[in-house]
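Inspection log for the structure reproduced underneath, given as structure tokens.
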Amino acid sequence: MISTGRCEAAIQDILAGLPYESADLNRYLLTACQRYEGHPCYFLIAGEISRVLLSNSSPRDFVRFCEESGNPEPFLVPLLADLSSNVITRSYDQASVILPFLLPFGEHLWPESGSEEFRSFRDLIEYTWYLTECEPEHDVIVLPYLPTDILYLYAKYLKGIKEDEKALNVLEKARHQSPVHAGILGEIVSLMLQSRHTTEAVPLLVLSFRTAWMKEDLATAFRNQGFFFSLQEDEEAAITCYLMAETWEESPDGREELKLITGQTGDIDYGYYNLNGKKILSDRNVPCGPDPVIISLLTGIAENYLDENNLMKAREYLIRAGQLLMSDEIEDRIQMIERRLEDGGSF
Numbered sequence: 359m360i361s362t363g364r365c366e367a368a369i370q371d372i373l374a375g376l377p378y379e380s381a382d383l384n385r386y387l388l389t390a391c392q393r394y395e396g397h398p399c400y401f402l403i404a405g406e407i408s409r410v411l412l413s414n415s416s417p418r419d420f421v422r423f424c425e426e427s428g429n430p431e432p433f434l435v436p437l438l439a440d441l442s443s444n445v446i447t448r449s450y451d452q453a454s455v456i457l458p459f460l461l462p463f464g465e466h467l468w469p470e471s472g473s474e475e476f477r478s479f480r481d482l483i484e485y486t487w488y489l490t491e492c493e494p495e496h497d498v499i500v501l502p503y504l505p506t507d508i509l510y511l512y513a514k515y516l517k518g519i520k521e522d523e524k525a526l527n528v529l530e531k532a533r534h535q536s537p538v539h540a541g542i543l544g545e546i547v548s549l550m551l552q553s554r555h556t557t558e559a560v561p562l563l564v565l566s567f568r569t570a571w572m573k574e575d576l577a578t579a580f581r582n583q584g585f586f587f588s589l590q591e592d593e594e595a596a597i598t599c600y601l602m603a604e605t606w607e608e609s610p611d612g613r614e615e616l617k618l619i620t621g622q623t624g625d626i627d628y629g630y631y632n633l634n635g636k637k638i639l640s641d642r643n644v645p646c647g648p649d650p651v652i653i654s655l656l657t658g659i660a661e662n663y664l665d666e667n668n669l670m671k672a673r674e675y676l677i678r679a680g681q682l683l684m685s686d687e688i689e690d691r692i693q694m695i696e697r698r699l700e701d702g703g704s705f
């Protein structure tokens with residue numbers, strides 16, 4: 359375990375020597391990076407350096423610093439985490455300060471080729487799903503996901519400040535790069551439904567259900583489906599979908615939509631929907647939970663990691679499956695792995 363005090367001492371040592379002249383800042387910090395390269399605290403140091411540059415340099419200087427460092431990722435990831443937090447809390451003024459430093463890395467030209475396709479994926483599960491379910495005609499070249507993530511968060515920021523058309527354009531660019539990213543699909547569907555472009559939204563809504571491997575993305579798919587049914591004035595189906603979404607993620611926005619559907623009283627016969635919800639959805643060809651292919655892939659990847667005795671990764675993928683399926687059997691397997699980890703990896 360890395361000593362927090364050790365890292366703090368290294369950071370304070372760097373901060374104590376910051377030059378007064380901004381023109382010297384990049385060179386000083388690059389030298390500091392070289393000095394601490396390979397240090398156990400390097401990523402914490404890189405995060406602090408990113409925030410120093412955010413406060414004391416221009417976006418152009420930050421880009422030049424990252425390029426000269428030879429590996430921009432350690433400096434981008436902390437700012438991306440701050441941006442994500444600001445978007446989640448709807449602190450859009452703070453997000454707008456960070457974005458100019460990140461966008462040059464998200465908006466660069468994406469490679470194109472007639473014989474290859476360049477894609478990015480959040481995780482192995484998306485890559486596996488894309489290869490097995492989409493069966494691409496060309497060789498797939500996987501590029502780092504970070505630029506796509508920047509676009510994704512930028513679009514969510516734009517949506518938050520009500521620049522929906524611009525947000526949709528950014529999301530379409532991100533979808534080109536990461537075509538089975540259920541989060542991107544969910545945001546696109548939401549914007550399309552709000553602008554009443556239901557014909558275009560429906561195929562993407564179906565795809566978002568099929569590709570959702572995170573509980574938040576599955577909840578978004580159900581909320582989008584609920585909004586679609588509310589546009590069709592199918593109140594029963596809309597309520598069912600919003601209630602289903604709450605199974606995987608509680609959402610203030612979802613509860614507000616439910617209030618709009620049910621009126622001022624907000625009365626819902628939960629017993630009725632618990633008893634009949636699955637039939638209501640089945641009658642309308644809507645899934646009642648995670649896609650079986652996704653569950654099969656998650657558990658299959660977990661089994662492969664178990665065969666390699668990589669218990670931590672096997673546990674990670676089973677937890678993901680368990681969050682979607684809420685299965686006692688999967689929970690038992692997770693506990694079995696945790697017991698093995700406690701015993702040093704052996705039975």
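Quick note: the sequence shown uses my numbering, first residue 359, plus one each step.
For glycine and all other residues, C-beta sits at the position ideal for the given N, C-alpha and C.
Segment limits, beta strand (DSSP E) that includes R477: Taking the sequence shown and counting its residues from 1, one reaches residue 477 at position 119. Counting along the chain, the beta strand (DSSP E) containing R477 begins and ends at E474 to R477.
Contacts around S478, its chain only, beta-carbon distance under 6 Å, and the 5 residues preceding and following it disregarded: Along the sequence shown, one-based indexing puts residue 478 at 120. Correct list, in chain order: L501, Y503, T506, Q535 and S536.
The ligand FAD heavy atom lying under 6 Å from the CB of E521: The ligand FAD is absent from the structure shown, which contains no ligands of any kind.
D419 - containing alpha helix (DSSP H), residue span: Start at 1 with the first residue of the sequence shown, and residue 419 comes out as number 61. For D419, the enclosing alpha helix (DSSP H) covers residues P417 to S427.
Enclosing beta strand (DSSP E) for I499 [first to last residue]: The count along the sequence shown starts at 1 and reaches residue 499 at position 141. I499 -> beta strand (DSSP E) spans D497 to V500.
Three-state secondary structure (DSSP) of D382: In the sequence shown, counting from the first residue as 1, residue 382 sits at position 24. Helix, per DSSP.
Of the residues E594, N668, R642 and L669, the one placed nearest N632, counting alpha carbons only: Within the sequence shown, residue 632 is the residue found at index 274, counting from 1. The residue among E594, N668, R642 and L669 with its C-alpha nearest the C-alpha of N632 is E594.
Beta-carbon proximity of T598 to I638, cut-off 7 Å: Residue 598 sits at position 240 when you count from the first residue of the sequence shown. Residue 638 sits at position 280 when you count from the first residue of the sequence shown. Taking 7 Å as the Cβ cut-off, T598 and I638 qualify as a contacting pair.
Continuous alpha helix (DSSP H) stretch holding D690: start and end: As a first step, residue 690 is located in the sequence shown; it is residue number 332 there, counting from the start. Taken as a continuous stretch (DSSP letters only), the alpha helix (DSSP H) holding D690 covers D686 to E700.
Unbroken stretches of the alpha helix (DSSP H), 4 residues or longer, contained in the stretch 615-686: Here the runs fully enclosed are 628-641, 650-665 and 669-683.
Buried versus exposed, by CB contacts within 10 Å (16 or more), R364: In the sequence shown, the residue the question calls residue 364 occupies position 6. When all chains shown are included, R364 counts as exposed.
Inter-residue Cα distance where the pair is I692 and S380: Residue 692 sits at position 334 when you count from the first residue of the sequence shown. Residue 380 sits at position 22 when you count from the first residue of the sequence shown. Approximately 52 Å between the Cα atoms of the pair.
C-beta contact flag for P430 and F459 at 7 Å: As a first step, residue 430 must be located in the sequence shown, where it is residue number 72. As a first step, residue 459 must be located in the sequence shown, where it is residue number 101. In this structure, F459 does not lie closer than 7 Å to P430 by Cβ.
Same chain, Cβ closer than 8 Å to Y628, five either side skipped, listed in chain order: Mapped onto the sequence shown, residue 628 falls at position 270. Cβ contact annotation for Y628 (same chain, cutoff 8 Å, sequence separation greater than five): L601, in chain order.
Start-to-end residues for the alpha helix (DSSP H) that takes in S443: Mapped onto the sequence shown, residue 443 falls at position 85. Where S443 is concerned, the enclosing alpha helix (DSSP H) stretches over E431 to I446.
Pairwise C-alpha distance: L618 and E474: Mapped onto the sequence shown, residue 474 falls at position 116. Mapped onto the sequence shown, residue 618 falls at position 260. Computed Cα separation, rounded: 48 Å.
Beta-carbon gap between I542 and Y510 smaller than 7 Å: Position 184 of the sequence shown, counted from the start, is the residue given in the question as residue 542. Position 152 of the sequence shown, counted from the start, is the residue given in the question as residue 510. A contact, by the Cβ cut-off of 7 Å.
Buried versus exposed call for I659 [16 or more other C-beta atoms within 10 Å across all chains shown]: Taking the sequence shown and counting its residues from 1, one reaches residue 659 at position 301. It is buried - the Cβ of I659 has at least 16 other Cβ atoms within 10 Å.
Straight-line Cα distance separating G647 from G584: In the sequence shown, the residue the question calls residue 584 occupies position 226. In the sequence shown, the residue the question calls residue 647 occupies position 289. Between G584 and G647, the C-alpha separation is close to 14 Å.
Straight-line Cα distance separating D641 from S442: Position 84 of the sequence shown, counted from the start, is the residue given in the question as residue 442. Position 283 of the sequence shown, counted from the start, is the residue given in the question as residue 641. Their backbone Cα atoms lie some 38 Å apart in a straight line.
DSSP state of V528 mapped onto helix, strand, coil: Working through the sequence shown from its first residue, we reach residue 528 at position 170. In the structure shown, V528 sits in a helix (DSSP, three-state: H, G or I).
Touching by the beta-carbon criterion (3+ pairs, under 8 Å), the stretch 440-455 and the stretch 510-527: Touching, yes, given that three or more Cβ pairs across the two stretches are closer than 8 Å.
R697 versus I677 - alpha carbon distance: Position 339 of the sequence shown, counted from the start, is the residue given in the question as residue 697. Position 319 of the sequence shown, counted from the start, is the residue given in the question as residue 677. Spanning the two alpha carbons is a distance of roughly 15 Å.
Residues near P436 by beta carbon distance below 6 Å, same chain, minus five either side: Against the sequence shown, residue 436 aligns to sequence position 78. Cβ within range, chain order: G405 and S408.
Spatial neighbours of W606 in its chain, beta-carbon cut-off 6 Å, leaving aside the 5 residues before and after: As a position in the sequence shown, residue 606 is number 248, starting the count at 1. So the qualifying residues of the chain are K573, L576 and A577.
CB-CB length for A368 against Y394, believed under 8 Å: Taking the first residue of the sequence shown as 1, we reach residue 368 at position 10. Taking the first residue of the sequence shown as 1, we reach residue 394 at position 36. At roughly 6 Å, the Cβ-Cβ gap stays under 8 Å, so A368 and Y394 are in contact.
For M602, the first and last residue of its enclosing alpha helix (DSSP H): Within the sequence shown, the letter at position 244 stands for residue 602. Counting along the chain, the alpha helix (DSSP H) containing M602 begins and ends at E593 to W606.
Run of the alpha helix (DSSP H) containing P561, from where it starts to where it stops: Position 203 of the sequence shown, counted from the start, is the residue given in the question as residue 561. T556 to T569 is the span of the alpha helix (DSSP H), which, as asked, contains P561.
Assigned secondary structure, G363 (DSSP; H/G/I helix, E/B strand, else coil): Within the sequence shown, numbered from 1, the residue matching residue 363 stands at position 5. In the structure shown, G363 sits in a helix (DSSP, three-state: H, G or I).
Simplified DSSP assignment, three categories, for R581: Here the question's residue 581 lines up with position 223 in the sequence shown. Here R581 sits in helix by DSSP.
Cα-Cα separation, S588 to G635: Position 230 of the sequence shown, counting from 1, holds the residue named residue 588. Position 277 of the sequence shown, counting from 1, holds the residue named residue 635. One C-alpha to the other measures close to 16 Å.
From N643, Y630 and N582, residue whose alpha carbon lies closest to that of E615: Translated into the one-based positions of the sequence shown, residue 615 becomes position 257. Per the C-alpha coordinates, the member of N643, Y630 and N582 positioned closest to E615 is N582.
Proximal residues to I314 (C-beta, below 8 Å), its chain only, five neighbours per side dropped: Given a span of 359 to 705 for the chain in the structure shown, any question on residue 314 remains unanswerable.
Residue range of the alpha helix (DSSP H) that includes L509: What you label residue 509 is simply residue 151 of the sequence shown in a count that begins at 1. L504 to G518 is the extent of the alpha helix (DSSP H) around L509.
Proximal residues to Y663 (C-beta, below 6 Å), its chain only, five neighbours per side dropped: Residue numbering aside, residue 663 sits at position 305 when the sequence shown is read from its first letter. Result list for Y663: K671 and A672, in chain order.
Selection from F420, V445 and E530 that minimises the alpha carbon distance to F433: Working through the sequence shown from its first residue, we reach residue 433 at position 75. If we check each option's Cα against that of F433, F420 comes out closest.
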